[in-house]
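Colleague:
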Amino acid sequence: MMENKKLNIAYKKTCDCQPNHINCLTAKEWVKSQVGIWEFFYEKRDIRDKSIHPAVFPIALPAKCIELFTHKGELVIDPFAGIGSTLVAAQDLQRNAVGFDLNERYIEHAKKRLSQTRLENSAQQVLINDDSINIPMYLEKETVALCVTSPPYAHMLNKPRLNKSMRADKRNNKHYNEVQQYSDNPRDLGTMNHDDYANALTEIYKGILPLMKPRAHCVINVNDVWWENKRIPTHIYVVNALEKAGFALRNVLVWDKRNLVNGVGIFGWPNNYIKLGATFEYILDFWKPD
Ligand SMILES: C[S@@+](CC[C@H](N)C(=O)[O-])C[C@H]1O[C@@H](n2cnc3c(N)ncnc32)[C@H](O)[C@@H]1O
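The letter at position 127 of the sequence shown is residue 353 when you use my numbering, and the numbering goes up by one with no holes.
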């Protein structure tokens, strides 16, 4: 039987916009989000030191999703919270939020980040060191307005880092040949092959679905990977896994990362065309269908 650890966390909107609006945006702000290619910039608070966490997204990414899909005071969750970028965005935007991560070190780092703000915070952000399969133990049904995350990209980090997208003179940096996986916990999705990964995602999101409000959005940032000289379309595994869990795909957005790519080497030329892996990632937008 599932243990009951329900959190006492607010989830109702505190703004005075129309109840049938999905967010607090004006028409002018809404129009900007209609372009399906999104670009983000890192700010000083973003953590880009791979020895703290190997795969952090910019705070601006969850911030945009939170603004687009929630009202002030509503509840956001991140099932793979890492060092808490989603919760920092929720704190900025006065949303309640709960983040889960298997790795205690990341949760402790995320808590430290959240304690650093001087902003007045009328909402609550909570971090939980647990497997995201256990999320239903913590939250009530139909309380979550948005689930936004970047899960591991299957076992992509489980191999030595070759820095192939860097120029040859920069490749041999301190992370060259390092294996930078999140953990060796067999429940860590970053240790799984793509089939086990997709099954694990389905089980986790089956648990999340009843916690979401009707038509609440569920956003997943993911990238495809190279594995043993084959291109593996991780985003397709994620779409299939989420649909199997009962979510419906609404939009496929592209995170254009060209502004973040620098010092790139020529690889493949002149006989093997391979696009640079680092130039874009997927942002998959699902919702809980009626
Ligand atoms: C791509 S990272 C997320 C980084 C995060 N977006 C940030 O900006 O800090 C994926 C995270 O999923 C966590 N993880 C992997 N399997 C998990 C599971 N079964 N339950 C909870 N967390 C898990 C890893 O520890 C890792 O921190």
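Just so it is clear, CB atoms sit at the ideal spot from N, CA and C, and this is done for glycine as well.
Predicted, not measured: the structure shown is a model, and the values here were computed from it.
Beta-carbon separation of D318 and A336 under 8 Å?
Modeller: Contact flag unset, no.
Colleague: Is it true that the CB of K239 sits closer than 8 Å to the CB of K276?
Modeller: Taking 8 Å as the Cβ cut-off, K276 and K239 do not qualify as a contacting pair.
Colleague: Which of helix, strand or coil does DSSP assign to W256?
Modeller: Looking at W256 - three-state DSSP - the assignment turns out to be helix.
Colleague: Could you check how far apart the C-beta atoms of E334 and K439 are, in whole angstroms? I think they sit under 8 Å.
Modeller: Going by Cβ atoms, the distance from E334 to K439 rounds to 31 Å, so no, they are not a contact pair.
Colleague: At the level of alpha carbons, what is the spacing between P459 and V448?
Modeller: When rounded, the distance between both Cα atoms is 10 Å.
Colleague: Determine the burial state of L353: buried for a count of at least 16 other Cβ atoms within 10 Å of its Cβ, exposed for fewer.
Modeller: Its Cβ being crowded by 16 or more others within 10 Å, L353 is buried.
Colleague: Please report how far the alpha carbon of K456 lies from the alpha carbon of A504, in whole angstroms.
Modeller: Roughly 17 Å separates the two Cα atoms.
Colleague: Buried or exposed, going by whether 16 or more other CB atoms sit within 10 Å of the CB of D304?
Modeller: D304 should be labelled buried.
Colleague: With N365 and Q351 assumed to form a contact (beta carbons below 8 Å), what rounded beta-carbon distance in angstroms separates them?
Modeller: Position check: residue 365 holds Leu in this sequence, whereas Asn was assumed. L365 to Q351, Cβ: 14 Å. No contact.
Colleague: Can you tell which of L328, E293, D516, V282 has its C-alpha closest to the C-alpha of K258?
Modeller: When each option's Cα is compared against that of K258, the closest is E293.
Colleague: Given a threshold of 16 other Cβ atoms within 10 Å of its Cβ, counted over all protein chains shown, does A371 qualify as buried or as exposed?
Modeller: Buried, by the Cβ-count rule.
Colleague: Checking 8 Å against the spacing of the C-beta atoms, do F506 and I500 come in under that value?
Modeller: Result no, Cβ atoms of F506 and I500 do not sit closer than 8 Å.
Colleague: Mark Q244 as exposed unless 16 or more other C-beta atoms lie within 10 angstroms of its C-beta, in which case mark it buried.
Modeller: That one is exposed.
Colleague: Can you tell me whether DSSP reads Q342 as helix, strand or coil?
Modeller: Three-state result, Q342: coil.
Colleague: With distances taken between CB atoms, is the gap from Y408 to N329 smaller than 8 Å?
Modeller: The answer is yes: Cβ separation under 8 Å.
Colleague: From A467 to D421, what distance separates their C-alpha atoms?
Modeller: Going by the C-alpha atoms only, they are around 10 Å apart.
Colleague: Taking just the CA atoms, how far does P496 sit from C373?
Modeller: In a straight line, the C-alpha of C373 is about 43 Å away from that of P496.
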